[in-house]
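See structure below.
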């Protein structure tokens, strides 16, 4: 418990400091989660859910934590131009774990939509937020999430009231900043009411090549008949550790698309828990990881089919080169009365190098009989006979392999329902495969090196 | 037609038909487990010092372990001190011949469809019949001996071929392997021993038949099969137990070693008493089965039809050490009423160009839980490893569960590992189509289930295949409404 | 144009080609016939440079260049086209993307500019008509979900796009009904000029009714055992391959 001890002491010593830079509503939840964390500690590799990732070690590093919510004198709108061409998004920033308050929007948000700092909004709308905050995350046994609940002071809040459609994509840029190793625990809450719809693009960036650790938790509530898209793009550097937990609850007939793309990051842990809590709700959950060097991407997904007539489609693809490793653990749970469930899960992986390793565990737990469920997983290489076919048409070996890799991840890209974003992702993926994506954030004009 | 009628009748009345007990004199040792009991078992079997040593080491190790909890099973607390670790049908002194076998036991095996008397014996099959803790009879022994094949109980092998036993026992499943392996290593009482010499194809099926008869007794048998270079053997294992309200414990070990170009085919039809409709009684079946393809170009093939036991915990595995070696696992697991099964395999690819093939068909009905759990591991040195796994689940009724837990660990980029799984129910269209052609729903389900399991059943030797098909149908009796 | 001298080739250590000699001049159509397993498909694979085969002896000269020194893609760019017996399905790679990459790689090799998107699409439209290729097929992934006939037509379409000097049609007739066969053959004939050559590899005479060869070879046990004019096709059809075996004193 050495790694934990420093945080236990920190929490006890600075509790009032932490509280004073957050909202009382957030403070109410800390004690339970802190106790949970203090008792269980960080996940270690004896735990089946963390077999292939050593988070204990990552958290042991001596990070700076901005518990006093000191304002960084930066204007992200000035130096950050990571907008996707043609997407015209509403852009928001979280710097480390603080929401950047001087929001500059190019376009007005539709009437009634609330978007901003979770801390400030939970002071302003405590009743609204109290009925959602920590309602999903509280039940997890993952101590990184409880760690977040204990320490988080701010983050992003989005509320789209009943029937309101937000046409433009909302973009949230999580930025790691600071000249020392930093840890950030930010917290996001997304509420999409009945019949409403919104699309969120979450980008993760690191301003400097330092050992940063981001531990972010997002809770999403999607109301009856509502539509929500959640796209997450990680494009940082080798030294960054990203732990992201996403909890989703879907009401009747709601439709959700989630896509998580890791282009470049040192160590990535993505947890996704989707609860299909209303009949006829559906989710498409996908992602890809392109890893080389010593990078590691660890994906852990749970889809709970709690009600009948729901459907889920899950698709994850990994391309591993160098000495990269990947792990995928996908769990689909069909509850006892969830008849007429349709659940299909696929995980396909390519190892391009002898030293690359892949661990996959796709599992189904089914307690209802009238269901259509399947899962498939493969680990392999690019097919030699296909490469030859392409070469026989005059395409060079390198180019042939490129084409096949683009083809391999193509269906993951197709899950993205925003055309401009899909195009950009394709471009980034191509650059990534061609090794042209170095450490620079695409489209960023300054600072970003 | 007559067969069909018979089958139908059997289905409609289909309870566990092996549930009778045999009234024979049984010798027990006191219940409970301690070093003295281990010594007592060893002494009863007149064992050499090294074997007692092995048992004691295993026992001491077992005491440091806890029951594994990772399986998708709800295992009630087992009090290992309430179990008798040795029970044997009493017999007269002197050399073992058929006359010595208690006529009641002969009748028992007759009833189970496994005649032991010379005139009735199956011609194509040699049987080692094991009741509770001891082997009562091995048939066709002499005929096999002509070819140099050793087929006897493991107790005899310890006396007659101590070097072979000592060399191989525990070499595939060390006593440190897991909780139940340690327990078995400490208290195992009997089991079968097979040695196929170089270049010999065993001319008949070898078979062990296990029967738990005694009350409150655990059965801990141990099977060791060694196939030397260029040899082949097909081995069958069957088992039944009487219907009792208490749970009975069965914790076995099977070890297989194949040398160069050797092939072992191991088939199981597991039909331990599954408990009654309310989930009372039944056998707890915790088995460690593992083979090593030690030599290049060797092959081990596991086929299992699991219909019995209240709880099944079993993962027949292959260590593919030799280059070009092949491991196969074909399984049908049926659970009904309150049965629970967590079964599957491990394929460990170590040699070059190794291949493994997994076909698992789970069928769950009633309130049962049926899980497939399998590991495919490719170590860094295992060039060109190939695996294909297919795991299908069939659900009958809305109170049962079907689960799939495949683990794939690939450490070599020349490997191709594929896993496919589906879960489905018997479609109403299929049943209606059969009904429309005049087939009853019960029969239609039988047909469909057998069709579903055919790929696996076809891997069984003929006589077993017929038995397995009947079992499938009987096990699912009453599961469609 | 093509000269093969004493060609020997192995797959997995087993010798399949045991000394092939063959000369193909510009404008000629050659047919290579032979029973199953005689090495016909191996020959086409080796010419195209399939790395699964190992050439142990001999040489292949194509327009003065030693083909064996060239990668499969460079052989293609030099003008060799293989119509595969079993065209490979490539899910996720669209025909358009695939062909544009191929055409532009060929152009680059010749020192030409890449085609603009619109010029390329125009070219595709033109060539599609040669084999009556459905628009739908062109918009799908390469060969994915194509019927046997569609796959073969797609091969000839690619041949039209790449304008090879030497086309090798490996069992192009297998799996085709008579209509598809006619379309494929007419496509091949339309693409025929005085400068390019064709090697038709086939088991039956059927395709050769439509694509009439100048020279016919019989391949047997890895060697060319008989060479004659087109009349050999009829003779083989009548007498079967046993006749060749008898002539070789094997029966």
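Protein chains in written order, with this note's numbering: chain A, 1 to 449; chain B, 450 to 930; chain C, 931 to 1181. A virtual CB, placed ideally from N, CA and C, is assigned to each residue, including glycine. Since we're looking at a predicted model, the values are computed, not measured.
Candidates B:588, B:701, B:832 and B:587, of which the one nearest residue 638 of chain B by Cα: To locate residue 638 of chain B, count along the second chain from 1; it is residue 189. Between residue 638 of chain B and the set B:588, B:701, B:832 and B:587, the nearest pair of CA atoms involves B:701.
Closest Cα partner of residue 1166 of chain C within the set C:964, C:1139 and C:1085: One-based indexing of the third chain puts residue 1166 of chain C at position 236. Among C:964, C:1139 and C:1085, the Cα nearest to that of residue 1166 of chain C belongs to C:964.
CB contact below 7 Å: residue 913 of chain B versus chain A: Taking the second chain and counting its residues from 1, the one referred to as residue 913 of chain B is at position 464. For residue 913 of chain B, the answer is no, since every Cβ of chain A falls outside 7 Å of its Cβ.
C-beta atoms of residue 337 of chain A and residue 844 of chain B nearer than 7 Å: In the first chain, residue 337 of chain A corresponds to position 337, counting from 1. In the second chain, residue 844 of chain B corresponds to position 395, counting from 1. No, the Cβ-Cβ distance between residue 337 of chain A and residue 844 of chain B is not below 7 Å.
Proximity below 7 Å, CB of residue 283 of chain A to CB of residue 245 of chain A: Stepping through the first chain from its first residue, residue 283 of chain A is reached at position 283. Stepping through the first chain from its first residue, residue 245 of chain A is reached at position 245. Going by C-beta atoms, residue 283 of chain A is not nearer than 7 Å to residue 245 of chain A.
Of the residues B:821, B:842 and B:751, the one placed nearest residue 806 of chain B, counting alpha carbons only: In the second chain, counting from the first residue as 1, residue 806 of chain B sits at position 357. Minimum Cα distance to residue 806 of chain B is reached at B:751.
Supposed contact pair residue 802 of chain B and residue 747 of chain B - C-beta distance, whole angstroms, cut 8 Å: Locating residue 747 of chain B in the second chain gives position 298, where the first residue counts as 1. Locating residue 802 of chain B in the second chain gives position 353, where the first residue counts as 1. Going by Cβ atoms, the distance from residue 747 of chain B to residue 802 of chain B rounds to 13 Å, so no, they are not a contact pair.
Inter-residue Cα distance where the pair is residue 648 of chain B and residue 711 of chain B: Position 199 of the second chain, counted from the first residue, corresponds to residue 648 of chain B. Position 262 of the second chain, counted from the first residue, corresponds to residue 711 of chain B. Approximately 8 Å, taken between the alpha carbons.
Where the beta strand (DSSP E) through residue 799 of chain B begins and ends: Here residue 799 of chain B refers to the residue found at position 350 when the second chain is read from its first residue. Counting along the chain, residue 799 of chain B sits inside no beta strand (DSSP E), nor does DSSP assign it H or E at all.
Short CB-CB distance (under 7 Å) between residue 598 of chain B and chain A: The residue given as residue 598 of chain B occupies position 149 in the second chain. Residue-level contact check: residue 598 of chain B does not touch chain A, since none of the beta carbons of chain A fall below 7 Å from its beta carbon.
Opening and closing residue of the beta strand (DSSP E) in which residue 328 of chain A lies: Sequence index remark: in the first chain, residue 328 of chain A carries index 328 (1-based). Per DSSP, residue 328 of chain A belongs to the beta strand (DSSP E) from 325-334.
Cβ-Cβ separation, residue 1138 of chain C to residue 1163 of chain C (assumed contact under 8 Å), whole Å: Locating residue 1163 of chain C in the third chain gives position 233, counting from the first residue. Locating residue 1138 of chain C in the third chain gives position 208, counting from the first residue. Yes, residue 1163 of chain C and residue 1138 of chain C are in contact; Cβ-Cβ is about 5 Å, under 8 Å.
Neighbour-count burial assignment, residue 616 of chain B, 16 or more Cβ in a 10 Å radius: Residue 616 of chain B sits at position 167 when you count from the first residue of the second chain. Exposed is the call here.
One or two residues paired with residue 698 of chain B in a DSSP bridge: Position 249 of the second chain, counted from the first residue, corresponds to residue 698 of chain B. Beta-bridge pairing links residue 698 of chain B to B:733.
Neighbour flag for residue 871 of chain B against chain A, beta carbons, 7 Å: The residue you call residue 871 of chain B lines up with position 422 of the second chain. Yes, its Cβ sits closer than 7 Å to a Cβ of chain A.
Chain-ordered chain B contacts of residue 356 of chain A [CB-CB under 8 Å]: Here residue 356 of chain A refers to the residue found at position 356 of the first chain. Listed along chain B, the residues sitting closer than 8 Å to residue 356 of chain A by beta-carbon distance are 862.
Contact set between the region 843-857 of chain B and chain A, restricted to residues whose Cβ is under 8 Å from the partner: Flagged, chain order: 844, 845, 846, 847, 848, 849, 850, 851, 852, 853, 854, 855, 856 and 857.
Residue 816 of chain B versus B:728, B:502 and B:808, residue with shortest Cα-Cα distance: Here residue 816 of chain B corresponds to residue number 367 of the second chain, with the count starting at 1. The option with the nearest alpha carbon to residue 816 of chain B is B:728.
Cβ-Cβ distance between residue 147 of chain A and residue 37 of chain A below 7 Å: Stepping through the first chain from its first residue, residue 147 of chain A is reached at position 147. Stepping through the first chain from its first residue, residue 37 of chain A is reached at position 37. Yes, these two residues count as a Cβ contact at 7 Å.
Residue-chain proximity (residue 865 of chain B, chain A), Cβ-Cβ < 7 Å: Looking up residue 865 of chain B in the second chain gives position 416. Put simply, the CB of residue 865 of chain B is near chain A, with a gap under 7 Å to one of its CB atoms.
Simplified DSSP state of residue 1146 of chain C, which is helix, strand or coil: On the third chain, position 216 is the one that residue 1146 of chain C refers to. Secondary structure of residue 1146 of chain C (DSSP, three-state): strand.
Inter-stretch contact (C-beta, 8 Å, three-pair minimum) for the region 1111-1127 of chain C and the region 1078-1086 of chain C: As far as the Cβ criterion goes, the region 1111-1127 of chain C touches the region 1078-1086 of chain C, which means the pair count is three or higher.
Assigned secondary structure, residue 1097 of chain C (DSSP; H/G/I helix, E/B strand, else coil): As a working note, residue 1097 of chain C is residue 167 in the third chain. In this structure, residue 1097 of chain C counts as strand in the three-state DSSP scheme.
Minimum length 3: unbroken beta strand (DSSP E) runs contained in the region 720-789 of chain B: Listed in chain order, the complete beta strand (DSSP E) runs (minimum 3 residues) inside the region 720-789 of chain B are 731-742, 748-755, 760-763, 766-769 and 775-784.
is_contact[residue 980 of chain C, chain F] using C-beta, thresh 7 Å: In the structure shown, chain F cannot be found, because the protein chains are A, B and C.
Against chain A: residues of the region 1074-1099 of chain C by CB proximity under 8 Å: If the cut-off is 8 Å between Cβ atoms, the region 1074-1099 of chain C has 1088 and 1092 near chain A.
Residue 40 of chain A CB to nearest heavy atom of the ligand MN below 6 Å: Here there are no bound small molecules, and the ligand MN is not part of this structure.
Contact set for residue 766 of chain B: own chain, Cβ-Cβ below 6 Å, skip 5 residues either direction: Counting from one through the second chain, the residue named residue 766 of chain B turns up at place 317. Around residue 766 of chain B: 739, 794 and 795.
Limits of the unbroken beta strand (DSSP E) element including residue 157 of chain A: Numbered from 1 along the first chain, position 157 holds the residue referred to as residue 157 of chain A. Looking at the DSSP string, the run of the beta strand (DSSP E) that includes residue 157 of chain A is 156-160.
Residue nearest to residue 396 of chain A in terms of C-alpha spacing, selected from C:973, C:932, C:979 and C:955: As a position in the first chain, residue 396 of chain A is number 396, starting the count at 1. Between residue 396 of chain A and the set C:973, C:932, C:979 and C:955, the nearest pair of CA atoms involves C:979.
Proximal residues, the region 372-384 of chain A versus chain B, C-beta separation under 8 Å: Closer than 8 Å at the C-beta level to chain B, one finds these residues of the region 372-384 of chain A: 372, 373, 374, 375, 376, 377, 378, 379, 380 and 381.
Any chain B beta carbon closer than 7 Å to residue 464 of chain A: In this structure chain A extends from 1 to 449, so residue 464 of chain A is not present and cannot be described.
Integer Cβ distance of residue 304 of chain A from residue 267 of chain A, believed to fall under 8 Å: Mapped onto the first chain, residue 304 of chain A falls at position 304. Mapped onto the first chain, residue 267 of chain A falls at position 267. Rounded, the Cβ-Cβ distance is 27 Å, inconsistent with contact.
Coil, strand or helix - residue 545 of chain B by DSSP: Start at 1 with the first residue of the second chain, and residue 545 of chain B comes out as number 96. Its pLDDT being 49, under 50, residue 545 of chain B is placed unreliably by the model, and the measurement read from it follows with that caveat. Three-state DSSP puts residue 545 of chain B in coil, outside helix and strand.
Residue(s) in a DSSP beta bridge with residue 48 of chain A: The sequence position of residue 48 of chain A within the first chain is 48, counting from 1. Residue pairing from DSSP leaves residue 48 of chain A without any beta-bridge partner.
Span of the beta strand (DSSP E), counted from its first residue to its last, around residue 642 of chain B: As a position in the second chain, residue 642 of chain B is number 193, starting the count at 1. Here the beta strand (DSSP E) through residue 642 of chain B covers 641-645.
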